[in-house]
Amino acid sequence: MNLRRDVFQAIADPTRRAILILVASQSMTAGAIAANFDTARPTVSKHLQILTECELLKQQQNGREIHYQLNPGKMKEIADFIEPFRKMWDDRFNKLEDIMKNFKPNY
Amino acid sequence: MERKTKIHAEDGKHDLLITREFDLPLQLLFKAHAEPEIVEQWMSTNVLKLENKKHGGWQYETRNDQGIVVFRANGVIHEFIPNQKITRTFEMENTPFDVQLEFLEFELLSETTSKLSTHIVFRSVELRNQMLALPFAQGLNMAHNKLQNIVSKLK
Chain U
1 MNLRRDVFQA IADPTRRAIL ILVASQSMTA GAIAANFDTA RPTVSKHLQI LTECELLKQQ
61 QNGREIHYQL NPGKMKEIAD FIEPFRKMWD DRFNKLEDIM KNFKPNY
Chain R
108 MERKTKIHAE DGKHDLLITR EFDLPLQLLF KAHAEPEIVE QWMSTNVLKL ENKKHGGWQY
168 ETRNDQGIVV FRANGVIHEF IPNQKITRTF EMENTPFDVQ LEFLEFELLS ETTSKLSTHI
228 VFRSVELRNQ MLALPFAQGL NMAHNKLQNI VSKLK
């Protein structure tokens, strides 16, 4: 029987969060991903399996190699990839607007 | 609520565009980028240096409650045209991120409204995507901490 995997289980582990951040910018092979961690290769494989099962990662066959990449559709369940960046600037600009609306010019 | 800040980032390109319209006269929008005391408030950082002129330098620094520096960035101003344009470089210190080039353009829309367009050019597509992913990654950590808090309350 398959254990039910969901995105919250996937992000509940710091190594898995680090993997998601790694592949956010480019698709990578399991070996290239594992090279970023001190943990044993099978441990990283297990993390990749969990991330794939809950569809946060997609596998792509490139010749003999399997590349892992983010599944943007599924990532929307946590947050849109660019949305936090947009929100950061939106918050700053909202603050700027509030401050300047109350600004008393000296002229 | 309407999303006023827009991010335009095309796939496979090493730049991005941030646009925002403000309910502020152009002069006030520009002032908020030129006066160190005002920049400090909306950027939530300390302005160590802000030399608003060609070849001038700038440096921002953010400390946490314990007084430890958590963010420091600096750059050089290449162009400073009041109420029109600021061209500058941006470099985050002690990070693997390379220098980026920023063009800030200020536009009059009406007596009481204005627009800021920030065009940022990165050295590579990867660097741009990593920069875009930074708040996303921090968000993931926060989401996890929240989850952990909820779970620990259930125990």
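So the sequence lines, in the order shown, correspond to chains U and R. Quick note: the first sequence, position 65, residue 65 per the working numbering, numbers continuous. Quick note: the second sequence, position 120, residue 227 per the working numbering, numbers continuous. Note that the Cβ used here is the ideal one computed from N, Cα and C, for glycine as well.
Coil, strand or helix - residue i by DSSP
i                         : result
arginine 179 of chain R   : strand
aspartate 118 of chain R  : coil
glutamine 134 of chain R  : helix
glutamine 186 of chain R  : At residue 186 of chain R the sequence reads glutamate, which differs from the glutamine that was named. Of the three classes helix, strand and coil, the one that applies to glutamate 186 of chain R here is strand, per DSSP.
isoleucine 125 of chain R : strand
leucine 3 of chain U      : Because the pLDDT at leucine 3 of chain U is just 49, under 50, the model does not fix this residue reliably, and the value given afterwards should be weighed accordingly. The answer is coil: DSSP assigns leucine 3 of chain U none of H, G, I, E or B.
threonine 52 of chain U   : helix
glutamate 144 of chain R  : helix
threonine 152 of chain R  : coil
threonine 43 of chain U   : helix
C-beta atoms of residue i and residue j nearer than 8 Å
i                            : j                         : result
threonine 202 of chain R     : tryptophan 89 of chain U  : no
aspartate 130 of chain R     : glutamate 97 of chain U   : yes
histidine 57 of chain R      : isoleucine 193 of chain R : Only positions 108 to 262 of chain R appear in this structure, which leaves residue 57 of chain R out of reach.
valine 215 of chain R        : threonine 196 of chain R  : The residue asked about is misnamed: residue 215 of chain R is leucine in this sequence, not valine. For leucine 215 of chain R and threonine 196 of chain R, no; Cβs fall outside 8 Å.
phenylalanine 213 of chain R : leucine 136 of chain R    : yes
tyrosine 68 of chain U       : alanine 30 of chain U     : yes
Residue range of the unbroken beta strand (DSSP E) whose run includes residue i
i                         : result
arginine 17 of chain U    : Where arginine 17 of chain U is concerned, there is no enclosing beta strand (DSSP E), although the alpha helix (DSSP H) it sits in stretches over 14-25.
arginine 230 of chain R   : Segment: none, arginine 230 of chain R is in no beta strand (DSSP E) and carries neither H nor E.
asparagine 159 of chain R : Careful: asparagine 159 of chain R lies outside any beta strand (DSSP E) and carries neither H nor E.
lysine 58 of chain U      : 57-62
Unbroken alpha helix (DSSP H) run spanning residue i, endpoints
i                        : result
histidine 112 of chain U : Residue numbering for chain U in the displayed model covers 1 to 107; residue 112 of chain U lies beyond these limits and cannot be assessed.
lysine 111 of chain R    : Neither: lysine 111 of chain R is in no alpha helix (DSSP H) and is coded neither H nor E.
glutamine 173 of chain R : Glutamine 173 of chain R -> no alpha helix (DSSP H), and no H or E assigned at all.
Assigned exposure category for residue i - 16 Cβ within 10 Å defines buried
i                         : result
valine 23 of chain U      : buried
asparagine 236 of chain R : buried
Pick out the complete beta strand (DSSP E) segments inside the stretch 187-228 of chain R, 3 residues or longer, and give them in chain order. 192-199, 207-215 and 221-228
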